[in-house]
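So the sequence shown is residues 1 to 516, counted in UniProt numbering.
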Amino acid sequence: MGTNEWHIERRSSFESDSPLAPREVLETGTLSIVVLGASGDLAKKKTFPALFHLYKQELLPPNEVHIFGYARSKISDDELRNKLRSYLVPEKGASPKQLDDVEKFLQLIKYVSGPYDSEDGFRLLDKEISEHEYLKNSKEGSSRRLFYLALPPSVYPSVCKMIKTCCMNKSDLSGWTRVVVEKPFGRDLESAEELSNQIGELFEEPQIYRIDHYLGKELVQNMLVLRFANRFFLPLWNRDNIDNVQIVFREDFGTDGRGGYFDQYGIIRDIIQNHLLQVLCLVAMEKPVSLKPEHIRDEKVKVLESVVPIRDDEVVLGQYEGYRDDPTVPDDSNTPTFATAILRIHNERWEGVPFIMKAGKALNSRKAEIRVQFKDVPGDIFRSKKQGRNEFVIRLQPSEAIYMKFTVKQPGLEMSAVQSELDLSYGQRYQGITIPEAYERLILDTIRGDQQHFVRRDELKASWEIFTPLLHKIDRGELKPIPYKPGSRGPAEADELLEKAGYVQTHGYIWIPPTL
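Have a look at this one:
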């Protein structure tokens, strides 16, 4: 089957499982949510708290929903509930209402113990799910089953095979079975394709939800609205006006006991190839035909396929001093904890505009942001170049904000220019509104059958095609990370690369989040 034929078939199969289907298809029948790896850190810290917040907002009705935890640990229902309680409510200072909500939620959770590669455990799981569906008077095949794999990717194939063999619902009677898989989706193009093939042999693409929690962040989801619902951005968002784009992720702490795990992947696989590249797609994509998930994801794939190979001289790698002191990290580790790479998009809109991807650990600040820097004003009569260029900044975390740096007259008798900002800080503008956690949104999207904020298979392949050659050079030791001091900006060579790419830093100006 040719590429175009596969694309048409894929879209056709999606239609029956889309959020545009009749609402009764999405809302009838019981909903069984199965968290595999229920006793692990990801499940305790992210998955179950997200489910609890959805429950509190009445988006998981207790008369329809039951939650199952599955793992190898031999513990009881109550032991799992006790493990989860402290992650759902503070140990001190919780109100009676909060405590009551937690207890009601915990009663929805049942635990099943079993291995990840044996039918016995999964048949027991299917029996428990079926009993729940029977008690709720759900017609056979009309119930909904959501499997969340809070597990390492190495066990995805065996777990998916067990789900397919033992736990599937009959989707021809309006019910469905969906599987959520976490990153990392492989280590390079070959391993990612192998994983995709193994899962793809068991499930159709509309059943697979490859989660990237950055796509659930409030300000990332705002990107489409900002770009395509505001007229004044439309003529500016191109190579004629924009000089460079930075997409930045910074942490002010190191691997903190996760050194052995992190060393298997490094900062590019952990952050840049997935989170930051997804953000780049939303910044650079063309306007989709509609807000249908497939239309949006089609445009993202076009961006990824337009990225030219990364040049070695446009990459700076770093490793913070002390990283190898972790006993779980090899003494000769070549794994970067910092990377700056310039991506270039070969199309009409972005030819010549560098997209600077930067991520690092043990730096001098913690933040994630998109920084769009505009070109200098031609024929500048105010000599405002020294004040700095116009910039449009989207602060993803912390202190979510959108602000525009621009030049204004300094108040006073003199005609002098100074840089200031137009500022939309969410904490100030939207007081009293709680911004949902990314996992809340994405789990709810999965229940609704909306794949807009999930990674499609051809998207995943295109993203690995961009970074695999660079990663293999690092793995072979052909590119070496430069040591940098913890608490610094990273290697000085990274700032030199930014300057070479055309980024102009504004000296003397610091954005300060407004106080309430």
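Note that CB positions come from ideal geometry on N, CA and C, so glycine has one too.
Helix, strand or coil at residue i according to DSSP, with G and I counted as helix
i	result
His132	helix
Gln505	coil
Tyr320	strand
Met357	strand
Pro483	strand
Gln397	strand
Val89	coil
Val159	helix
Ser488	strand
Phe233	helix
Leu291	coil
Leu215	helix
Glu499	helix
Leu363	strand
Cys281	helix
Ile272	helix
Leu202	coil
Val377	coil
Gln98	helix
Asn82	helix
Ser154	helix
Arg258	coil
Thr335	coil
Glu190	helix
Closest by C-alpha distance to residue i, when choosing among the options
i	options	result
Thr328	Pro411, Arg72 and Gly259	Gly259
Asn334	Ser399, Pro398, Val159 and Ile268	Ile268
Pro469	Leu282, Arg85, Ala50 and Leu189	Leu189
Gln428	Asp450, Leu84, Lys97 and Tyr403	Tyr403
Phe185	Asp312, Thr177 and Pro157	Pro157
Arg85	Leu99, Ile75 and Ser73	Leu99
Asn241	Met168, Arg389 and Ser290	Arg389
Gln373	Phe454, Leu460 and Asp243	Asp243
Asn63	Val504, Pro96, Ser73 and Gln107	Gln107
Met285	Asn238, Asp312 and Val248	Asn238
Ser399	Ile271, Lys217 and Ile466	Lys217
Leu202	Thr165, Asp458 and Leu280	Thr165
Ser174	Ser143, Ile199, Arg187 and Glu194	Ser143
Glu414	Ile271, Phe382, Tyr426 and Glu119	Phe382
Arg349	Lys287, Arg178 and Pro96	Lys287
Val179	Leu146, Ile211, Ala192 and Cys167	Leu146
Leu471	Val65, Ile272 and Pro49	Ile272
Gln198	Cys160, Trp176, Asp212 and Met223	Cys160
Leu280	Tyr261, Asn230, Ile342 and Glu294	Ile342
residue 518	Leu80, His66 and Gln57	This structure cannot speak to residue 518, because the chain is shown only from 1 to 516.
Paired residues, beta bridge with residue i - DSSP
i	result
Arg405	The question names Arg, but residue 405 is Lys in the sequence shown. Lys405 is bridged to Glu391 and Glu421.
Gly114	In the DSSP output, where bridge partners are listed per residue, Gly114 has none listed.
Thr434	DSSP, once it has assigned bridges, lists no residue as partnering Thr434.
Gln246	Ile356 and Arg371
Gly427	According to DSSP, Gly427 bridges with nothing at all.
Val329	Note: Val329 sits in no beta bridge, so no partner.
Thr340	Val316 and Lys358
Ile33	Ile67 and Leu146
Ile345	Val307
Ile296	DSSP, once it has assigned bridges, lists no residue as partnering Ile296.
Val181	Leu149 and Arg210
Trp176	Arg144
Ile109	Ile67
Phe454	Ile211
Residue environment, residue i, which counts as buried when at least 16 other CB atoms sit within 10 Å
i	result
Val225	exposed
Tyr430	exposed
Glu27	For Glu27, the predicted model reports a pLDDT of 49, less than 50, meaning its position is unreliable and no value from the coordinates is stated.
Met162	buried
Glu499	exposed
Asp450	buried
Glu131	exposed
Asn169	buried
Gly257	exposed
Asp458	buried
Leu497	buried
Glu204	exposed
Ser416	exposed
Leu88	buried
Min CB distance residue i to chain D below 8 Å
i	result
Ala50	Of the chains in the structure shown, none is chain D; there is only one protein chain.
Contact test: residue i Cβ vs the ligand GDP heavy atom, cutoff 7 Å
i	result
Thr446	Absence of the ligand GDP is noted for the structure shown, with no ligands found whatsoever.
>> For the stretch 271-281 against the stretch 344-363, do three or more pairs of beta-carbon atoms, one drawn from each stretch, fall closer than 8 Å, so that the two count as touching?
In response: yes
> Counting Cβ pairs, one atom from each stretch, are 3 or more of them under 8 Å apart for the stretch 292-299 and the stretch 232-240?
Replying inline: no
> Would you call the stretch 43-57 and the stretch 429-444 touching, i.e. three or more CB-CB distances under 8 Å?
Replying inline: yes
> Does the stretch 317-325 come close enough to the stretch 334-343 to have 3 or more Cβ pairs within less than 8 Å?
Replying inline: yes
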